[in-house]
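All remarks here apply to the structure that follows.
In this note's numbering, the protein residues as written are 13 to 991.
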């Protein structure tokens, strides 16, 4: 399960209420009835949402969308960490985990034999929870482990995942936040009865089986969080901002002490209190008839009984009258957070917060964007609204540049707030924000998954859908004076919380120590009667629809340039890309030049003016440089197509040297590169590149600091001008037909000179994996992360079906062999996976990859566990058929449309394919057997040499265990990064 720590990205389409009434008659609540069910709806709703309230209080929200034969489904409970018992924090989160374990009908091989053992475990945990004697607790846990082992003989791990997999579900997941716990599925629309039957059973009588191994996974998740400086900083700012509310008094994952002392009794009490229909919602968007679906939902969940839900009460927070400063230490680079408190989501002032945040940061033309990021006064900065039910917060983040202190950063951020209070921002910024919000709303509602997520978030936050839809109309009536008054009301130089994230060792971390756990029985080859019953339910086949590149994509010539186009018949959005067949391997300056462009203007227009102009048009542009390909892209509203393209071409052709910006850019780049050396994920990427390509590899193919100092701004600008004059192809997705497009589009090259020709440069080749080796990078962390790499064969289109089947079966999800064995059975990791990766180009080599993140004290067992699976492939007939069915149904119901057709065409070209690769997978899957997977595993994975990429703290790892894996090479950061 993915713990979704609710972030600023979720806050969108909030409502501006400044005394101005919404447009009466446009978005009004109405009531109607059909098929015996009454529902509410909002007039002029572009996604035609219906809001039902069933007799037992269950909320059902349905938004039809027939663009794909699939349904995004959420089952949401309005309860999360905020309502955790104060003596059992983290409970909502590990209850979320347990709701994947089944009921008395599924997940059990023999319930009559399993139940007495689970009852015994219940009692043992209560004794364990109340004991303080170390020896007694050890003895009790040993008995818990023994009885759990016996109980596991009657359990069927991950049967929920097998049920959903057999339906063709994608994205099986769940997440817990402050005020919501949400269960997620994306299903084909022909399995709705199966889905509802499983979900109704899931919430009927959840059984807390396999608890001690799952709790160990939660321990792993907690330990991961203790290595995550960003998470620690967010928790710190909430603790300081909300000392009276559980936003600050409790964390989503819970305290270490509470995790060590779980109570199954308390979990059941929480479930029975909050998982009631009048506190839950079923939210769906996709290809269905709402009148039909609501009947099915009602029938499935009618057994749930409504009952009162306790109201969360809290003491009001006191006003902050002087800055509150806290420090968080950890190995990642320094930054500062500033937090300002606002009212909760239902208050009009909280709803004004989103607009004010856009004035500060919108990615292009906000005060912070222009004054601190574009001007390169800081390495990075932004302002983010965080809206919750009881309170909201505006968080400002600033990352120092070279030589800057966190106090310097704070002063700069507070200076932008002072400008906001004084109204020192352009008068047309609010108009630009309106245009961009309109575009964002169009994009959101074009996608059934985005629509469902927005409706789900609105349900758990108790927001008004009519006001959501009226957002841009309300926004257009807010004045600059409204923003100034609002800023002066809530933002001062003293009413904030400051979190100083400083690089250093955190001596306060209390790691959850590994308990003694005996691996449990997995029971891979059994299935419950319930699973058989669900699989036997009838369903109407969905016919697959493959891309036909000749029919689904139009082609033309713009002078001598190839134009590939797909028409957008849904809305007014367009995207256009100039695609080049060269990249940074051919010119090492290209990547640097692309980054420098962000800070350049022309003789007639400054960089800031370009940013404002693009934002005013509601257009985005980007220039990217990959290893072997590059692109220049622009997207926006079709009504601004010509203006957007002209603006982009003006910048590309006429950008001029800015020495001040260049000097700041090089300094900024050095600081950013230094920060990268403090990021464990980036270090791991460097190790993986070293393993695949050797000491000289694409990751460290860069300039040293001394070489950066020798570069000239004019050379980078020349690279940009050459890019604009190089031959390319044009990829377009938008409302214009290809004839109209070619008529309206000017070539990127605006002169009659020959195309700029770039010589093909360096080419990195994967090195054969000849023997076992260890690449080790030191990092101060509680966990250890290990990635196995083995370079494999060239691309082979005939292997596509086998590889897709193998990856799903072996290491691709919760029902895979790797996950079941290493997490479910042995409790060795929170995250683990393995796969065979086909190369993206026909001349490149594939790779075998495997990963496990584990506590340092489990390192030896985790390594041994993965190696055992890499060498011997267990057989699970149930798992095999589950994956086969999932792939067939997923492929049949997947629709690649729009710009996806263009990217699929390019991907096929790179591999030398002329048709949709999914077709051969779909056609060959039914004939593949376990024997085929066994042969593939033996030929490519089993008993082969691997390179172990390890990031961890050397003092916590057993040196003998590490050295036994192969010849070890401790790499310095300079060796990994190339500078």
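For glycine and all other residues, C-beta sits at the position ideal for the given N, C-alpha and C.
Asked, Found
"Over the uninterrupted alpha helix (DSSP H) stretch that includes residue 469, give me the two end residues.", "460-473"
"Provide the residue(s) that pair with residue 52 in DSSP beta bridges, ordered along the chain.", "43 and 63"
"What does a CB cutoff of less than 7 Å around residue 602 pick up in its chain, not counting 5 residues either side in sequence?", "595, 596, 637, 642 and 731"
"Figure out for me which residue from 275, 533, 210 and 980 has the closest Cα to the Cα of residue 117.", "210"
"Just list the alpha helix (DSSP H) runs in the segment 141-188, keeping only unbroken ones of 4 residues or longer that don't cross its boundaries, in chain order.", "146-164 and 171-177"
"Drop a sphere of 10 angstroms on the beta-carbon of residue 782, count the other beta-carbons inside from all chains shown, and report buried for 16 or more, exposed for fewer.", "exposed"
"Would you mind stating whether residue 88 and residue 296 have Cβ atoms separated by less than 7 Å?", "no"
"Can you name, in chain order, every residue of its own chain whose Cβ lies under 8 Å from the Cβ of residue 499, other than the five neighbours on each side?", "368, 429, 432 and 433"
"Among 633, 220, 942 and 917, whose alpha-carbon lies nearest the alpha-carbon of residue 134?", "220"
"Name the two residues that bound the continuous beta strand (DSSP E) containing residue 84.", "82-89"
"Residue 702 and residue 963 look like a contact to me (Cβ under 8 Å); what is the Cβ gap, rounded to whole Å?", "Going by Cβ atoms, the distance from residue 702 to residue 963 rounds to 12 Å, so no, they are not a contact pair."
"Span of the beta strand (DSSP E) holding residue 786?", "785-790"
"For residue 123, does the three-state DSSP call read helix, strand or coil?", "helix"
"If you draw a straight line from the C-alpha of residue 901 to the C-alpha of residue 441, how long is it?", "47 Å"
"If you draw a straight line from the alpha carbon of residue 942 to that of residue 82, how long is it in whole angstroms?", "29 Å"
"With residue 194 as the anchor, note down where its beta strand (DSSP E) starts and where it stops.", "193-200"
"Taking the CB atoms as reference points, tell me whether residue 652 and residue 586 lie closer together than 7 Å.", "no"
"Can you tell me whether residue 310 is buried or exposed, with buried defined as 16 or more other CB within 10 angstroms of its CB?", "buried"
"Between residue 696 and residue 239, is the Cβ-Cβ spacing less than 7 Å?", "no"
"Can you have a look at residue 756 and say buried or exposed, based on whether 16 or more other CB atoms are within 10 angstroms of its CB?", "exposed"
"Relative to the alpha-carbon of residue 254, which residue among 924, 158, 328 and 276 has its alpha-carbon at the smallest distance?", "328"
"Tell me the DSSP secondary structure of residue 35 in three-state form.", "Note on residue 35: pLDDT 46, under 50, position unreliable in the model; no value is reported."
"For residue 800, count the other beta carbons within 10 Å of its own beta carbon; 16 or more makes it buried, fewer makes it exposed. Which is it?", "buried"
"Quick check on this structure: which residue in 63, 275 and 132 has the alpha carbon closest to the alpha carbon of residue 110?", "275"
"So for residue 514, helix, strand or coil by DSSP?", "strand"
"Report the option in 265, 600 and 787 whose CA atom is closest to the CA atom of residue 188.", "265"
"Across which residues does DSSP place residue 981 in a beta bridge pair?", "787"
"Which residues bound the alpha helix (DSSP H) around residue 714?", "That residue, residue 714, is in no alpha helix (DSSP H); it is neither H nor E in DSSP."
"Report buried or exposed for residue 819, applying the criterion of at least 16 other Cβ atoms within 10 angstroms of its Cβ.", "buried"
"With a threshold of 16 other CB atoms inside 10 Å of the CB of residue 411, please say whether the residue is buried or exposed.", "buried"
"Within 10 angstroms of its Cβ, does residue 443 collect 16 or more other Cβ (buried), or is it exposed?", "exposed"
"Just how far apart, CA to CA, sit residue 376 and residue 876?", "50 Å"
"Check whether the Cβ atoms of residue 318 and residue 290 lie closer than 7 Å to each other.", "yes"
"Assign residue 509 to one of three DSSP states: helix, strand, or coil.", "strand"
"So what does DSSP say about residue 621, is it helix, strand or coil?", "helix"
"Where does residue 864 sit, in a helix, a strand or coil, going by DSSP?", "strand"
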